[in-house]
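Protein sequence lines, in the order shown, are assigned to chains A and B. Its first residue numbered 77, the first sequence is counted upward by one per residue in the numbering used here. Its first residue numbered 345, the second sequence is counted upward by one per residue in the numbering used here. Each remark here refers to the structure printed beneath this line.
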Amino acid sequence: MNKLNFLSPDKKNLYTYLYSGISLFSLSILIVFLNSFFSLDLTSFLPGTINYFLPLIIGFMGLHLIRIEYSGIKFLDIINKNINTNKFNALLSLLIIFVVIKSIPPLLSWFIIDANFVGDSKDACSGSGACWAYIKTWFNRFMYGMYPNAEQWRINLSFIALAFLGGVGFFATEKFKKYLTLYYVIIYPIIAFLFIFFFISGGPIFFDFSYGIIAAVISIVIGFFIPSKFKMYYFLIIPITIYILLKYVFFYEELIELGKIQAFEWVETGAWGGLSLTFIVSFFCLIFCFPVGLFLSLGRRSDLPIIKYISIGFIEFWRGVPLITVLFMSSVMFPMFLPEDMFIDKLVRVIIAISLFEAAYVAEVIRGGLQALPRGQYDAAKSLGMGYWKMHIFVILPQALKLVIPGIANTFLALVKDTPLIFVVGLLEIVGMLNLAKTNPEWLGFAMEGYVFASIVFFIICYAMSKYSYNLEQKYKTER
Amino acid sequence: MNFKKILPQLLTLVVVILVFGFFSYNAQVNMENRGITFGYGFLSQESSFDVQFSLIEYDGSHSYFRAYLVGLLNTILVSVIGIVFATIIGVVVGIARLSNNYLIERTAAIYVEFFRNIPLLLQIFFWYFAALRALPLPEKAEPFFGVFFLTIKGFFVPAFIWNNLDIFIYSVIAAIIAIIFVRFYAKKKQENQGIQTPVLSISIGLLIILPLLSFLLGGVSASIEIPVIEQLSQTSFTYKGGLKLPPELISLALALSLYTATFIAECVRAGVQGVSKGQKEAAASIGLTPNQVLKLVVMPQALRIIIPPTTNQYLNLTKNSSLAAAIAYPDLVLVFAGTALMQTGRAIEIVSITMLTYLTLSITISIFMNWYNKKIAIKEK
């Protein structure tokens, strides 16, 4: 029989140490557990302070006894390696375990046990727990803002359709894969805009933008037959010409009549709100800020001085000011810069402002990727006789963008998290709606529930986005 | 010159000039129509509005420029508080994420994932409208350690009443200057003779001894003023004396530091992980102690990775402090771009001053950062 030395447990009396250690450790957890879940105080006969710290002391002793290196018992080794490497770690582990056990019952009772799930007025919520009936009653408002109840199917329909159209990329066969970029960068945003304009907003069948689309389609179709030598000049001149011709020469009178026909009831943007507005704003800002940022980053690295310095000035300006002042500018200062009779909708102004703001950040991220590429890539592309655009589209950008996926994802996340700021101009997305509901005299005092709800919603969205970006990063990771 | 190079530049220039011209022409016409003249003269006019919380003396009889200063100081105050706490929390959490203790690592990771993925504005609202509103009324507040009162109307903490405060401040400055000299001298000594001086303990000693001397010899004294409850009317109570931290400031500082700390934690983690294992092993193999390895090999390299993104986060925190406007903390945006703008109607001037202030702040910091990056960059031959 070896001598037992409880101050430095070793392998010789492994099981003695093990059993005493585990029983002490379990005892400490049991004390905290009973105290927390059943408010039983096993050790109330002890004086106050000792009673308070007793579980910690017992648990610490227990962990000390089972801290035996290379014991040969797999489970014990895993525990020791992960939570019990030294005294300090053991103490912190115990503290974390106790805090978790202690905080489960109050959280559980607030979220579920004492919470109210049914009812449609404040009186239903009398318990000490959360009042989920409040969220249930206001759910429509949190999702759709002040959008008329009878018309909400339009938002749902548009979102489902857009989600479906956005998912097309996953089902595309090899043959169509090469058109996907074109689809996502140009066609999909236009479709999305049309959906939102016709369905959600209820705009007239024919309006200024329609001429633009027709002009674009016609010029792209003709563009296929133009020799590539003149293509650049062709696309600079022809679409605008067709647009002007269409608008002022060809079908002017007839189309004005068409322009008065509205398929749906008009809902002004001031009434939009809730989570759907968060989605709309983030969606369009995402789509717009990326190409703008791309061009800015190319501009900043260009060797043409004027373009370079304009890009630098633009980027540094937007990066230097907080978004809230940008939104202030778009709401109070920008109208001063427009002719009296010209009016740009609040939502459009906000989307432009946020897009430009985030574009500056995207530009800096992409610039990082461009700088990370070795010079050899540029030289190789040039030596193959590629011009500036060919070199960037086929050689540089695919590699650079791959490198900066995490950075771009972070910028996009920041964008989604920045959307609540549009309250500055009076647009109420989900956080704004919460603040509105909070001040409703019939539903006073449920701020906590609302914020917890919104936090969960945002957490799910942002967490999903960051996980998706991580997957994307892994997918496109190439060994260099 | 090459035609292909000049054309795009010219086009860009023309477009930019056209856009600017269009905007400024419209601005002129609009201002003429509304009878406003452009100018910054209004800054010296009497502001005639009051600000809840201000670091310098201010009331309605002061000028708009003074109101601007009040807002700016409040912005700087909350930014500094936020930066200090965000750094502390961020470094602790960043190191915790590197811990080999599974529970600690997970806790830190959950904290980071959770607070990073919730909009800052929502967090500010949560602290201000939900969490701090759950605090007791002044008359029911239980004091912490007998002197700190956390109430729904704000935090009341004891204040120092100083005698000869300036001498104390001079002593601290003198200590800092002395520390700089000691460091300089120690470095020289090490370079010349290879002898190390215990700089840290000397610095701490100086920081303690010099201010202490000012107490003993310089006639500095400080007494502590504890807040005392006072009845204003039948149902309204407040605390008199001591220092009052308004709930707006607290919730803003709390939200800003908890949010930014997640990003700083990630920077710290990336920095320490960025130091290759070979460096540590090499340092250990030439006989450095673990402390020396950390101080002389790991930290200098890790800091080179950590500091640039962290400064960026400080900058973000300062810019994010403008969200104060949402909970009526009187910062630059609320006082100047909010109240002052509503009163004077001078949108262009006020928004431009506000933006210029933030711009100056961030460009100064980024110039400093570029200088710093150049200084610490690895000098390759």
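Glycine included, every Cβ here is placed at the ideal spot set by N, Cα and C.
Item	Value
Can you give the beta carbon distance from E518 of chain A to S202 of chain A, rounded, assuming they're within the 8 Å contact cut?	With a Cβ gap of about 15 Å, E518 of chain A and S202 of chain A do not count as contacting.
To the nearest angstrom, how far is it from the Cα of E390 of chain B to the Cα of M375 of chain B?	23 Å
Just verifying my parser: in three-state terms, what is the DSSP assignment at E525 of chain A?	helix
Would you identify the three-state DSSP class for I380 of chain B, choosing helix, strand or coil?	coil
In angstroms, rounded to a whole number, what distance separates the CA positions of V501 of chain A and K422 of chain A?	7 Å
Could you tell me whether any Cβ in chain A is nearer than 7 Å to the Cβ of L351 of chain B?	no
Using a Cβ-Cβ cut-off of less than 7 Å, give me the residues of the stretch 422–454 of chain B that come near chain A, in sequence order.	N444, N445, Y446, L447, I448, T451
Against chain B, does C538 of chain A count as a neighbour if the rule is that its beta carbon must be under 7 Å from one of theirs?	yes
Between which two residues does the alpha helix (DSSP H) carrying G426 of chain B extend?	408–441
For the beta strand (DSSP E) that contains N507 of chain B, what are its first and last residues?	503–507
In whole angstroms, what is the alpha-carbon distance linking S352 of chain A and I320 of chain A?	35 Å
Let's see if you can read the secondary structure: which residues bound the alpha helix (DSSP H) around Y255 of chain A?	Unbroken run through Y255 of chain A: none, as it is neither H nor E.
Using 10 angstroms around the beta-carbon of K725 of chain B, count the other beta-carbons present and answer buried if the total reaches 16, otherwise exposed.	Confidence at K725 of chain B is low in this model, with a pLDDT of 49, below 50, so its placement is unreliable and the value that follows should be read with caution. That one is exposed.
Identify, in the order they occur along the chain, each residue of the same chain with its Cβ nearer than 8 Å to the Cβ of H468 of chain A, setting aside the five sequence neighbours on each side.	L374
Hey, would you say I294 of chain A sits closer than 7 Å to I267 of chain A, going by beta carbons?	no
So S169 of chain A packs on N445 of chain B, CB below 8 Å; how close in whole Å?	6 Å
Contact criterion: CB-CB distance below 7 Å. Does I546 of chain B meet it with respect to chain A?	no
Does any residue of chain A bring its CB to less than 7 Å from the CB of T633 of chain B?	no
Buried or exposed: which applies to I565 of chain A, given that a residue is buried once 16 or more other Cβ atoms fall within 10 Å of its Cβ?	Given a span of 77 to 556 for chain A in the structure shown, any question on residue 565 of chain A remains unanswerable.
So which residues on chain B does Y527 of chain A lean against when the C-beta distance must stay under 8 Å?	L466, F469, F470, F473, A474
Does K493 of chain A have its Cβ less than 7 Å from a Cβ in chain B?	yes
Which residue marks the beginning of the beta strand (DSSP E) containing E574 of chain B, and which one marks its end?	572–575
Following the continuous beta strand (DSSP E) through E191 of chain A, name the residue where it begins and the one where it ends.	Note that residue 191 of chain A is Ala in the sequence shown here, rather than Glu. Taken as a continuous stretch (DSSP letters only), A191 of chain A belongs to no beta strand (DSSP E), as it is neither H nor E.
Determine, for M699 of chain B, whether the minimum Cβ-Cβ distance to residues of chain A falls below 7 Å.	yes
Hey, could you find the ends of the alpha helix (DSSP H) Y264 of chain A is sitting in?	264–271
Between B:L596, B:F367, B:F680, which has its C-alpha nearest Y472 of chain B's C-alpha?	B:L596
Should V422 of chain B go down as buried or exposed, given a rule of 16 or more other Cβ atoms within 10 Å for buried?	buried
Give me the Cα-Cα distance between A440 of chain B and S567 of chain B, rounded to the nearest whole angstrom.	39 Å
Kindly indicate which three-state DSSP category K87 of chain A falls into: helix, strand or coil?	coil
Who are the neighbours of L83 of chain A on chain B, taking C-beta pairs under 7 Å?	Correct list: empty, because the minimum Cβ distance to chain B is about 23 Å.
Starting from the C-beta of S405 of chain B, find all residues in its chain whose C-beta is less than 7 Å away, skip the five residues before and the five after it, and write them out in chain order.	E390
Using beta carbons (cut-off 7 Å, strictly below), is N516 of chain A in contact with chain B?	no
List, in chain order, every chain A residue whose beta-carbon is nearer than 8 Å to that of T356 of chain B.	I382, I383, I386
Counting only C-beta atoms, is K663 of chain B closer than 7 Å to chain A at any point?	yes
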